[in-house]
Structure formats: C-alpha cells, structure tokens
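Scroll down for the structure; my scribbles are underneath it.
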Amino acid sequence: MKFRVPKLFCLLVCADHFRGNGYYHGFGGGAIMYEKILLAVDGSEHSIRATEEVIKICQASAHPVQLEVVNALQEIKNSEIVLQQVKPDDVHRDGELRIQPNEEKLRNANIPYTRTIERGDAGKMIANKANNDAFDLVVIGTRGLNGFQKLVVGSVSTEVIKRAKCPVLVVK
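Under the working numbering, think of the first position of the sequence shown as 99, with each following residue one higher.
Here is the structure:
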C-alpha cells in the first residue's frame, strides 16, 4: 500500500533535526559528520564561500576530516593553443594562482588538506573523483547562472549533483 507524505510535513520533520549550527543530527540525536570531503574550487567568490563552509564542517567535527581540494581546469583545445598561443603550463600555473585564496583560508583555520589540479570537463571530473575515491561529501560553489545560461553553457554543480553518488553541498 502506497501513501503520500505532504511536502510540508517532510520539511517540518527534517527541519526539527537541524540544530542551530546547521548540521543534521539525525533521528537518534547523534551528529552526522563526514570523514572524507572533496572541496571543488576555481578561485571564484562562490568557491571562497564553499571553502568557508568546509572550514565550519571541519571545525565542528569530533574526528579528523580528510579534505582534498580539487581545481578542475578545462581541457585546452589545439585550436586555442595555435590561435591564442595558450601554453598548457600557463594554464596549470593560472589554476594554482586562482586557488591560492582558498588555500590561504584553510591554512589560516589550521585545516589540513591535500590539493589536486586536474584537466577535463569539470562536472564529470569532480563527480568521477568523488565516486572513485569514495568521498563522503562534495562541497562546491555555484556560479548563480540564470535558466538561459544553464541551458547554453551548463552548470558544473548540476552536473556533479547528477553524477556523484555521495551528498553534494552547493554553496551560493
């Protein structure tokens, strides 16, 4: 026998299990914490806010959190190398420079982390990394695209949500 639970009921029940700190405490009252977190950054203001959320999660955790910071660089096409004289090493170096503010925030908060810079389709790469390396949570900022922009260029966070097998926290 099937029955439908009103959406409002679900919101009220779920909202009751979030305490003032914003972390889900489950129906038994024990906080659900993450042991392995993948933080996807690109140097944008949205990824800075995602980094700040990860810091809160790590600081609230009773156990050490294994944090990996990943920056997904778009693949350089041969036409870009020829027409714009883009060098792959320059793109990698630019990727390192762009994530420095994120790393600085983590260092200032004394949060240990490892860093990876990958090339490829950002959404697919982040989701594959999360799935292949068994992360408990992916944290990613959103670019705040409108409906038309999402239709034309797509959304990295939407792609990660669709493909990742673990929870995804999208920070705006």
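For every residue, glycine included, the Cβ atom is placed at its ideal position computed from N, Cα and C. Predicted model, so just to flag it, every value in this text is computed and none were measured.
Nearest neighbour of K270, chosen from K134, M131, H144 and E151 [CA to CA]:
Position 172 of the sequence shown, counted from the first residue, corresponds to residue 270. The residue with the shortest Cα to Cα distance from K270 is H144.
So, is N208 buried or exposed, given that buried needs 16 or more other C-beta atoms within 10 angstroms?
For this step, residue 208 is matched to residue 110 along the sequence shown. Classification of N208: exposed, given that the 10 Å Cβ count is below 16.
S177 by DSSP, collapsed to three states: which one?
Taking the first residue of the sequence shown as position 1, residue 177 is located at position 79. Annotation note: pLDDT 44 at S177 (below 50); position unreliable, coordinate value reported separately. Three-state result, S177: helix.
Endpoints, the beta strand (DSSP E) within which T149 is located
Position 51 of the sequence shown, counted from the first residue, corresponds to residue 149. Here T149 belongs to no beta strand (DSSP E); instead the alpha helix (DSSP H) covers E143 to A158.
Do you know whose CA, among V152, Y132 and E257, lies nearest M223's CA?
Here residue 223 refers to the residue found at position 125 when the sequence shown is read from its first residue. Looking at the Cα atoms, E257 is the closest of the given residues.
Whose CA, out of V237, V254, V266 and S253, lies closest to the CA of I153?
The count along the sequence shown starts at 1 and reaches residue 153 at position 55. Of V237, V254, V266 and S253, the residue nearest in Cα terms is V237.
Helix, strand or coil: which one does DSSP assign to R196?
Along the sequence shown, one-based indexing puts residue 196 at 98. In the structure shown, R196 sits in a helix (DSSP, three-state: H, G or I).
So, with DSSP's three-state summary, where would you put A228?
Position 130 of the sequence shown holds residue 228. The answer is helix: DSSP assigns A228 an H, G or I state.
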